[in-house]
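Each remark here refers to the structure printed beneath this line.
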Amino acid sequence: MSNLHEPATRPENPRFSSGPCAKRPGWSPTALDDAPLGRSHRAKPGKAKLAEAIDLTRAVLGVPDDYRIGIVPASDTGAVEMAMWSLLGPRGVDLLAWESFGAGWVTDAVKQLKLDDARVLEADYGKLPDLATVDFSRDVIFTWNGTTSGVRVPNADWIPADREGLTICDATSAAFAQSMDFSKLDVVTFSWQKVLGGEAAHGMLILSPRAVERLESHTPAWPLPKVFRLTKGGKLIEGIFKGETINTPSMLCVEDYLDALKWARGIGGLDALIARADANAGAVADWVARTSWVGFLAEEPATRSNTSVCLKIVDERVASLDPAAQAAFAKAMANALDQAGVAYDIGAYRDAPSGFRIWCGATVETSDIEALLPWLDWAFAKQAATLEEAA
Ligand SMILES: Cc1ncc(COP(=O)(O)O)c(C=O)c1O
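Each residue of the sequence shown is one higher than the last, beginning at 0 in numbering that gives the first Met the number 0.
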């Protein structure tokens, strides 16, 4: 544990928020100079940009040629809910939830769609539900990387290739940082503002041929608002997957997403993005291993996220306080780091256990993570001193 002196080095970029996340290294607004602003997104230049965003997404993520990729409204939430509202109904559903976003999809299925055959497989913050108990004759909804607990599925080996139901995967804090086997996934969603540090409001919806088959053979029992409609007259609206968006996108955000994708391709593509996130999370893990006051919220090392790294305070003096006092302790530390200008937005998510969430995605520099860690020790020592004073 360090003393109360401020560390000599500061992160160059103190933006460690888990969304919106840091822009890519070297980003400036001039990256957006080529945006076709003030033009229709349905005119040639706009359509070409939207199609390029789809093509580059496929190239960087390695999405199979027979999967559709669409840009849809309302960010990741829009993409997940569009899939749920459009696809669910014909089969029972297994819903996996181990943190607040997964829990949100449970609420959608159970309280909003009121599905009669929904089975919820839950686990507490820090754990995964038992993946061996998932029934793939049913549809399955899960979050690849639980952003608010820092727990991810280790791989897709638990998903059979010959499943009968569809797998619907919220991959918003995993895409571009973790390896995902698309052959095991029928719906994949994410937003632009996570691992690539893009701008918010647009969602990506990736559909397998089996998901398209379901869309074309099943009519939901409930009304579908226009922004959710993927079919017309029982046929997929193919234009959506060529850049003819359902409603108006921001061409400034599209330009920014293109910039991020080109940066990703330029540094070596998906492998390089994964390596950057792994190096960042590895730097945090090395520090946790040598630091007695802090621990991972994720219990099992194989399930620890390399993007939303969630930490808890394990020091006895703090862990023995009541939950509200523990939360106040962590919050005071996060505030001190914010005020010192070395770490913005690293407090645990509002519904999660108290502690910190440090974004380690590909746009974050490892040198900045390394510079941040002594500051966490500093903030802990500073706050622990107030406990001693009070005692
Ligand atoms: C796993 C997960 N799902 C869904 C969301 C909601 O995403 P959006 O705000 O892009 O709709 C988030 C946001 O952090 C998330 O981390």
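Idealized CB from N, CA, C, for every residue including glycine.
Own chain, CB closer than 8 Å to Ala384, minus 5 neighbours either side, in chain order:
Leu3
Taking Cβ positions, are Leu310 and Pro352 nearer each other than 8 Å?
no
In chain order, what are the residues with a CB under 6 Å from some non-hydrogen atom of ligand 1?
Gly18, Ser74, Asp75, Thr76, Phe100, Thr142, Thr146, Asp169, Thr171, Ser172 and Ser190
Give the DSSP-derived three-state secondary structure of Leu66 in the structure shown.
The question names Leu, but residue 66 in the sequence shown is Tyr. Coil, per DSSP.
Applying the criterion that 16 or more other CB atoms from any shown protein chain within 10 Å of the CB defines a buried residue, is Thr244 buried or exposed?
buried
Assuming Ala361 contacts Leu272 (C-beta within less than 8 Å), just tell me the rounded distance between them.
4 Å
Report the option in Arg349, Thr166, Arg41 and Glu11 whose CA atom is closest to the CA atom of Met250.
Arg41
Skipping 5 residues on each side, what residues in its chain have a beta carbon closer than 6 Å to that of Val308?
Gly149, Ala280, Val283, Ile357 and Cys359
Going by DSSP in three states, Arg209 sits in which element: helix, strand or coil?
helix
With which residues is Asn246 paired in a DSSP beta bridge?
Looking at the DSSP assignment, Asn246 forms no beta bridge with any residue, so it has no partner.
Quick check on Ser1: does DSSP put it in helix, strand or coil?
Note that Ser1 has pLDDT 47, beneath the 50 cutoff, so the model's placement of it is unreliable and no number is given.
Endpoints, beta strand (DSSP E) assigned at Ser190
Val186 to Ser190
Within 10 angstroms of its Cβ, does Arg38 collect 16 or more other Cβ (buried), or is it exposed?
exposed
Sub-8 Å separation of Thr142 and Asp350 beta-carbons
no
Using 8 Å as the threshold, is the C-beta distance between Met203 and Ala78 below it?
yes
Taking the Cβ atom as the reference point for each residue, do Asp138 and Leu95 lie within a distance shorter than 8 Å?
no
Are there 16 or more other CB atoms within 10 angstroms of the CB of Thr302, so buried, or fewer, so exposed?
buried
Coil, strand or helix - Thr29 by DSSP
helix
If we ignore side chains and look at the alpha-carbon of each, how far apart do Val365 and Ala335 end up?
Note that residue 365 is Thr in the sequence shown here, rather than Val. If I take the Cα positions, the gap works out to 22 Å.
Taking a contact to mean a Cβ-Cβ separation below 8 Å, would you say Val59 touches Arg275 in this structure?
no
CB-CB length for Gly145 against Gly88, believed under 8 Å:
With a Cβ gap of about 26 Å, Gly145 and Gly88 do not count as contacting.
On the DSSP bridge list, what partners appear for Asn154?
According to DSSP, which records beta bridges pairwise, Asn154 is partnered with nothing at all.
Distance, Leu260 Cα to Ala82 Cα:
24 Å
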